[in-house]
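These notes are about the structure you will find just below.
2 protein chains.
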Amino acid sequence: MKISPSHLFSERAKGMKASEIRELLKLTEMPDIISFAGGLPSPAAFPVDAVEKIVAELMEEKGGYVLQYGTTEGVTALRKALLARLRETQGFEASMENIIITAGSQQSLDLVGKVFLDPGDNVIVGAPTYLAATNAFRLFQANMESVPIEENGMDMDYLEEKIRQIERHSKSIKFIYVIPTFQNPMGVSLSVEGRKRLLNIAREHDLLILEDDPYSELRYEGEKLPSIKSMDEDGRVVYMGTISKVLAPGLRIAWVVGEVDIINKMILAKQPTDLCTNTLGQHIAAKYIAEGYIDPHIEKIRKMYLEKRDLMLKALKEKMPEGVTWTNPEGGMFIWLTLPEGMNARSTLEKAITEKVAYVVGDAFFPDGTGKNTLRLNFTNADNEKIDEGIGRLAAVFRREMADKGLENI
Amino acid sequence: MKISPSHLFSERAKGMKASEIRELLKLTEMPDIISFAGGLPSPAAFPVDAVEKIVAELMEEKGGYVLQYGTTEGVTALRKALLARLRETQGFEASMENIIITAGSQQSLDLVGKVFLDPGDNVIVGAPTYLAATNAFRLFQANMESVPIEENGMDMDYLEEKIRQIERHSKSIKFIYVIPTFQNPMGVSLSVEGRKRLLNIAREHDLLILEDDPYSELRYEGEKLPSIKSMDEDGRVVYMGTISKVLAPGLRIAWVVGEVDIINKMILAKQPTDLCTNTLGQHIAAKYIAEGYIDPHIEKIRKMYLEKRDLMLKALKEKMPEGVTWTNPEGGMFIWLTLPEGMNARSTLEKAITEKVAYVVGDAFFPDGTGKNTLRLNFTNADNEKIDEGIGRLAAVFRREMADKGLENI
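Protein chains in written order, with this note's numbering: chain A, 1 to 410; chain B, 1001 to 1410.
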């Protein structure tokens, strides 16, 4: 007789449900499937030779140190290398006590939740926004308030009105979570004016901004946008970066930059969470940045992903039925599709999977469950020769469904 | 003008304080200090050549896979290798759905907390016990109830009485946390009879047992003890293991084995925490176990640590003033010292540090802050030729303090 432990679970655990993205990642392991689902880099984009060389050097030079426990805030060499790089690529100055290394951006979100969120607190997020961010905040029983994302990022008029509305009910807002550049899932970016206005709104209402920036180095065209952190005069921006898209996600290395008081609390929150981030990965990342492997590598993956994006945009244009629209991202990893009103991307997904092609349903990214006719396509993971074929299969599924619903001539 | 974010912190964060062990680890970085403080393996005990060779093979054979995101439950090859090894070394059978890979035992503790602990819940722990475990549980605002640890492990009579006492107040007990073999910080082990009785008590009161087992493979003498999990008939033991002491802590690889319902909740709790454990480290650990590097390596470190333990026991015997007593561990990493009543290990630590030798104060390991005259010595990290010298310095500090307090002739 085995025990049934369910009565012992915490309230938090009783509310836990499997994530959409996770269930979908399982599908991508099916043979023959063309997956545009997971937000995965191309495995061809990982610098395997550099990693092999760096690990050999590390083991020979200081293996006993590299494999030992490290401090909770992270390996000194990596924090130094990152501060120099952030100055150059993101235009802001920070010092060693302003940065903590985390086990991937997902842990950055978890630590932000641990430090700021009590049950019932409000967090403002985009609609749509990164699913695993809202999942992380919800683990702390916080409430998501959403603001529409438009072609130029978050709708600032709506944001102001939303904040006033929440404040009228005297409720506490902890921070505004944004992915300003090549947003997940839409691929759009917040304009410079939008960034300035966001900072002004945050200042006026004394709120923090959580700037999640995994993709800004993956720009394929257009003008570079300044990070919000680089325009932050009063320390209210908490900036999140990661090595996952410019080196490899399997190392689980990311970072948070912010005011000392915040970083110190995050260090205290990380100690009982995992003591320290894996030191081997940190030393690999430090050498990769400090010894100049990173820039030529980013050049290489930009070219690779530009080609993939263009292949997908071309296939969409050639193959999608009229009435289907999509974003035209200047960088990042995602294209966002909108099907005609009345279509349901969940039911077409089931059909798509029988045709051996996958995507993520859009409503998963809306905290309020709207966006039933939207979906996210990843263009960085699939092989080039599969992109055209996969979009063709998807277009056929949508065309049939539109015909069945009498939506083919809208 | 920088903002002051403190009013935005969560209640949880407002209660966070720096950990003793962390502050002490900083001291160990001072030049010339002989540190018996941190629970660190010897850097000479890391298989740096094997890691270099394994990484080279991994990068050449399947670098694109090894550096990619992995599933939340962990790399299949590692889970398989661990199940086979646990059958052999710990005497229990488990299947693939019973195991989750975590980012070190500290994350195992965090996930157990996420899955089981609501504010005000009770957890039963040893007095003394592993400091970072109680810190992890306290992050979930749980209450620690402690039971004395004796020469043969947790006092089972006291445990039964304590449970009855808590139950009389109709309070909920979530689990009993034990480190049955070579306990941290005392180095003692729970006898076979104690293990059986613990299981009976847990069954009678329908409680879970959290068995933390980082050290059992580091046995230097005496009879092997069965894991509690191997005697568990009704699935109430949640077993925690780690690669930190038999390969390297810097990889941050550990595991939890338990009933499917519990592991499934832990997977759901891990997703928003960090998506997955670093895949490079998992693949290194998988090859290290599956290709047979591990057993000869453990043989090597057992010899290395036995020598260090004996050096420390010999130095203690030769140098410590009368009235100081210590445990005689058959394995693990720690010796536990008790100074005469009236001595305070915190004030002697300040003096010890000026003499360039460090330890961890014992009261840090007591949830109720008792144990003022106790301290923990780690014998695995210091170089052999430093052990005698370090113990000599400590003995001189204690002798002087005892003389100052008139305690030299007790």
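We put the CB at the ideal spot given by N, CA and C, even for glycine.
Burial of Pro1249 of chain B is indicated by the presence of at least 16 other C-beta atoms within 10 angstroms of its C-beta. Taking 8 angstroms as the CB threshold, Leu1008 of chain B lines the interface with chain A.
Beta bridge pairing from DSSP links Thr1374 of chain B with B:Thr1338.
The segment 1099-1125 of chain B contains, as complete beta strand (DSSP E) runs of 3+ residues, the segments 1099-1102 (chain order). Burial check for Met1030 of chain B: the Cβ neighbour count within 10 Å stays below 16, so the residue is exposed.
No Cβ of chain A is located within less than 8 angstroms of the beta carbon of Tyr1293 of chain B. Neighbours of Pro1043 of chain B in chain A, taken as residues whose beta carbon is under 7 angstroms from its own, are Gly64, Tyr65, Gln68 in chain order. DSSP places Ile173 of chain A within a strand segment (E or B) once states are collapsed to three. Along the segment 348-371 of chain A, none of the residues has a CB nearer than 7 angstroms to a CB of chain B. Pairing Gln1183 of chain B with Gly1222 of chain B gives a Cβ-Cβ distance that is not under 8 angstroms. The three-state reading of DSSP puts Thr1072 of chain B in coil, since its state is none of H, G, I, E or B.
Counting of Cβ neighbours within 10 angstroms places Thr325 of chain A among the exposed residues, the total staying below 16. Taking all protein chains shown into account, Ser1004 of chain B has fewer than 16 neighbouring C-beta atoms within 10 Å of its C-beta and is therefore exposed.
Judged by DSSP in its simplified three-state form, Pro1043 of chain B adopts helix. Residues of chain B whose Cβ lies closer than 9 angstroms to the Cβ of Arg12 of chain A are, in chain order, Lys1114, Val1115, Leu1117, Asp1118, Phe1140, Ala1269. Note on geometry: alpha-carbon atoms of Leu86 of chain A and Ile101 of chain A lie some 14 angstroms from one another. A buried status is given to Asp363 of chain A, since no fewer than 16 other beta-carbon atoms sit within 10 Å of its beta-carbon.
Spatial neighbours of Ala1254 of chain B in its own chain (CB-CB distance under 6 angstroms, excluding positions within 5 residues in sequence) are listed in chain order as Thr1102, Gly1104, Ser1105, Ser1108, Thr1242. Here Gly241 of chain A is bridged, per DSSP, to A:Trp255. The beta carbon of Asn278 of chain A falls within 8 angstroms of a beta carbon belonging to chain B, placing the residue at that interface. When rounded, the separation of the alpha-carbon atoms in Asn1344 of chain B and Leu1407 of chain B is 12 angstroms. DSSP places Arg346 of chain A in the helix class (H, G or I) of the three-state scheme. If you draw a straight line from the Cα of Ala403 of chain A to the Cα of Asn378 of chain A, it comes to about 26 angstroms. Inter-residue distance for Val397 of chain A and Gly187 of chain A is about 23 angstroms (C-alpha atoms, whole angstroms). Residue state for Met154 of chain A is assigned as strand, using DSSP reduced to three classes. Under the three-state reduction of DSSP output, Thr1325 of chain B falls in the strand class.
Judged by DSSP secondary structure, Asp212 of chain A falls within the beta strand (DSSP E) whose first and last residues are 208-212. In the structure shown, the three-state DSSP call for Val1360 of chain B is strand. Between Asp1261 of chain B and chain A, the shortest Cβ-Cβ separation is below 8 angstroms. Take the alpha-carbon of Gly1038 of chain B and the one of Gln68 of chain A: they are about 11 angstroms apart. For Phe1046 of chain B, the residues of chain A that pass the 8 angstroms Cβ criterion are Gly63, Gly64, Leu67, Gln68, in the order they occur in the chain. At least 8 angstroms separates the CB of Asn1184 of chain B from every CB of chain A.
Residue contact check for Ala1081 of chain B against chain A: no CB pair falls below 8 angstroms. Between Val147 of chain A and Ala127 of chain A, the C-beta spacing is below 8 angstroms. Membership of Thr1134 of chain B in the alpha helix (DSSP H) is indicated by the continuous run 1131-1138.
Annotated three-state conformation of Ala94 of chain A is coil, per DSSP.
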